[in-house]
Amino acid sequence: MTVERVPSGEDVALVDLVDRLIGGGVVLTGDVVLSLAGVDLVYLGLRLVLAPAHEVGVLARSRDSG
Amino acid sequence: MIVLYAVVPRGVEVVAPGLCGHDAGPVTVVYEETATPPSPSRDAVAEHGRRIVALADRGPLLPMRYGTTLPGMAELRSIGVDHGDAWRRRLDRLAGRRELVVHVAAADVAPPVDGSGRAYLQWRLRAVRRQDHAVEKARELVLPWADDLRLLPDRRRLAVLVRIGDADRVRDAVAVYAAAHPDLELVVTGPWPPFSFCEGAEPS
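Same order as they appear, the protein sequences are chains A and B. Under the working numbering, the first residue of the first sequence is numbered 1341, with each subsequent residue one higher. Under the working numbering, the first residue of the second sequence is numbered -5, with each subsequent residue one higher.
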């Protein structure tokens, strides 16, 4: 029996910090808020780290179609 | 351009290199003026996060989502007028609280030798049920200390809002539970600023 590993030690804390900064926090919308290109790629990378292997393909396809 | 970091109660002194505070009614918006937009690199996001974590060590704080950027001070003043009161209400609800993130990974069994699609789907269904069950057990475990709780989108992590003084108790409880369940992997990170509990900060 194996366990699907989560990142360990300081790595997992760093992943959580970056993930929550991109996926959480106060969201401001409106014309005055400038968009930032490329953050979705960082977010996808985190999702791949956090997701079990069988979901990675789904995530990648989801992003490609979005 | 203006890069927003966080919102803190008005009167909190912002002492951090490069960061400034703009008073907006009952709150102060912490920001940085830069010539270039924030980098989308993971290192840049992490460094931005470390600055917010350092700010959170000084008192209650609403973190802004990374990359929230305004053209200039006029827009910052406008945002402050529109959101200041709502942000203050949310800050008051979050005062004295931090976020823990609990990772939950259930044991998986080897895939079936029978390579049929039906066998694979049944195997995957059992794995998903094991994972959901493990997450539910973790939720029940931390619930006594949780002021609020969210299952994050990957369905493998719980964001738990706890009083600062309870953070070590939650860690200890998870460690004891994990020791008794070797078929699970449980990891707790934080305490973090309340990244996952900022909704409700919109103007009413």
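Idealized CB from N, CA, C, for every residue including glycine. Computed from a prediction, not measured in an experiment: that's the story for all the values here.
Can you tell me which of the options puts its alpha carbon nearest to the alpha carbon of residue i?
i         : options                                   : result
ARG44/B   : CYS192/B, PHE191/B, PRO185/B and LEU155/B : PRO185/B
VAL4/B    : ALA169/B, LEU(-2)/B and VAL24/B           : It is Arg, not Val, that sits at residue 4/B in the sequence shown. Residue VAL24/B is the option with its Cα nearest to ARG4/B.
ARG149/B  : ARG59/B, ALA18/B and VAL98/B              : VAL98/B
LYS131/B  : LEU145/B, LEU119/B and ARG118/B           : LEU145/B
VAL1355/A : VAL75/B, VAL39/B and LEU115/B             : VAL39/B
PRO65/B   : THR22/B, ASP108/B, THR30/B and ARG112/B   : THR30/B
ASP102/B  : ASP17/B, PRO176/B, GLY111/B and THR62/B   : PRO176/B
ASP1359/A : ASP17/B, LEU13/B and PRO57/B              : PRO57/B
GLY159/B  : TYR114/B, GLU93/B and SER110/B            : GLU93/B
MET(-5)/B : SER35/B, THR22/B and MET67/B              : MET67/B
ASP86/B   : LEU13/B, ALA161/B and VAL21/B             : VAL21/B
VAL52/B   : ALA80/B, ASP17/B and VAL8/B               : The residue you asked about is not Val; residue 52/B is Arg in the sequence shown. Here the closest residue by C-alpha is VAL8/B.
PRO34/B   : ALA48/B, GLY61/B and GLY12/B              : GLY61/B
ALA48/B   : LEU13/B, TYR114/B and ARG36/B             : LEU13/B
ASP1351/A : ASP37/B, VAL75/B and ASP76/B              : ASP37/B
GLU193/B  : VAL75/B, PRO32/B, ASP76/B and ARG84/B     : ARG84/B
GLU75/B   : VAL6/B, ASP17/B, PRO147/B and ALA161/B    : First, the amino acid is wrong: residue 75/B is Val here, not Glu. Checking every option, the nearest Cα to that of VAL75/B belongs to ASP17/B.
How about residue i and residue j: are their beta carbons less than 9 Å apart?
i         : j         : result
ILE73/B   : LEU1368/A : yes
ALA104/B  : LEU178/B  : no
PRO54/B   : VAL2/B    : yes
VAL136/B  : LEU152/B  : yes
ARG59/B   : GLY1364/A : yes
VAL(-3)/B : GLU27/B   : yes
PHE191/B  : LEU88/B   : yes
ALA50/B   : ALA10/B   : no
LEU1357/A : THR183/B  : yes
GLN116/B  : ALA100/B  : no
VAL1373/A : THR63/B   : yes
VAL170/B  : TRP139/B  : no
LEU143/B  : ARG157/B  : no
Can you tell me the Cβ-Cβ gap for residue i and residue j, rounded? I've got them flagged as a contact below 8 Å.
i        : j        : result
ASP91/B  : ASP141/B : The question names Asp, but residue 91/B in the sequence shown is Arg. Right, their Cβ atoms sit about 6 Å apart.
LEU155/B : PRO187/B : Actually they are not in contact, since the Cβ atoms of LEU155/B and PRO187/B sit about 11 Å apart, beyond 8 Å.
GLY15/B  : GLY78/B  : At roughly 13 Å, the Cβ-Cβ gap does not stay under 8 Å, so GLY15/B and GLY78/B are not in contact.
ALA174/B : LEU180/B : With 8 Å as the limit, ALA174/B and LEU180/B do not qualify as a contact, their Cβ atoms being about 11 Å apart.
Could you pull the DSSP bridge partners for residue i from this structure?
i         : result
TRP186/B  : GLU93/B
ARG67/B   : For the record, residue 67/B in the displayed sequence is Met; it is not Arg. In DSSP, MET67/B forms no bridge with anything.
ARG157/B  : ARG91/B
ALA100/B  : LEU178/B
ARG151/B  : HIS97/B
PRO57/B   : ALA0/B
VAL21/B   : PRO3/B and ALA18/B
LEU145/B  : LEU152/B
GLU26/B   : VAL(-3)/B
VAL1366/A : MET58/B
ALA140/B  : VAL156/B
Kindly list, in the order they appear in chain E, the residues whose Cβ is closer than 9 Å to that of residue i.
i       : result
LEU56/B : The structure shown contains no chain E; its protein chains are A and B.
Practice item. Can you give me, in chain order, the residues of the segment 136 to 164 of chain B that have a beta carbon less than 8 Å from any beta carbon in chain A? Key: LEU146, PRO147, ASP148, ARG150, ARG151 and ALA153
Review point. Which residues, taken in chain order from the segment 36 to 52 of chain B, show a beta carbon closer than 7 Å to some beta carbon of chain A?
Key: ARG36, VAL39, ALA40, HIS42 and GLY43
Exercise for review: Pull out every residue of the segment 60 to 85 of chain B whose Cβ sits closer than 8 Å to any Cβ of chain A, in chain order.
Suggested key: Of all residues in the segment 60 to 85 of chain B, TYR60, GLY61, THR62, THR63, LEU64, PRO65, GLU69, SER72, ILE73, HIS77 and TRP81 have a Cβ within less than 8 Å of some Cβ in chain A.
**Study point:** Against chain A: residues of the segment 117 to 135 of chain B by CB proximity under 9 Å
**Key:** Taken in chain order, the members of the segment 117 to 135 of chain B whose beta-carbon sits within less than 9 Å of a beta-carbon on chain A are ARG118, ALA121 and GLN125.
Review point. For the segment 1351 to 1363 of chain A, which residues have a CB atom closer than 9 Å to at least one CB atom of chain B, in sequence order?
Key: VAL1352, ALA1353, LEU1354, VAL1355, ASP1356, LEU1357, VAL1358, ASP1359, ARG1360, LEU1361, ILE1362 and GLY1363
Check your understanding: Quick one, which residues of the segment 179 to 191 of chain B are near chain A if we go by CB-CB under 7 Å, in chain order?
Key -> GLU179, VAL181, THR183, TRP186, PHE189 and SER190
**Study point:** Members of the segment 88 to 111 of chain B that neighbour chain A once the beta carbon cut-off is set at 7 Å
**Key:** VAL95, HIS97, ALA99, ALA101, ASP102 and VAL103
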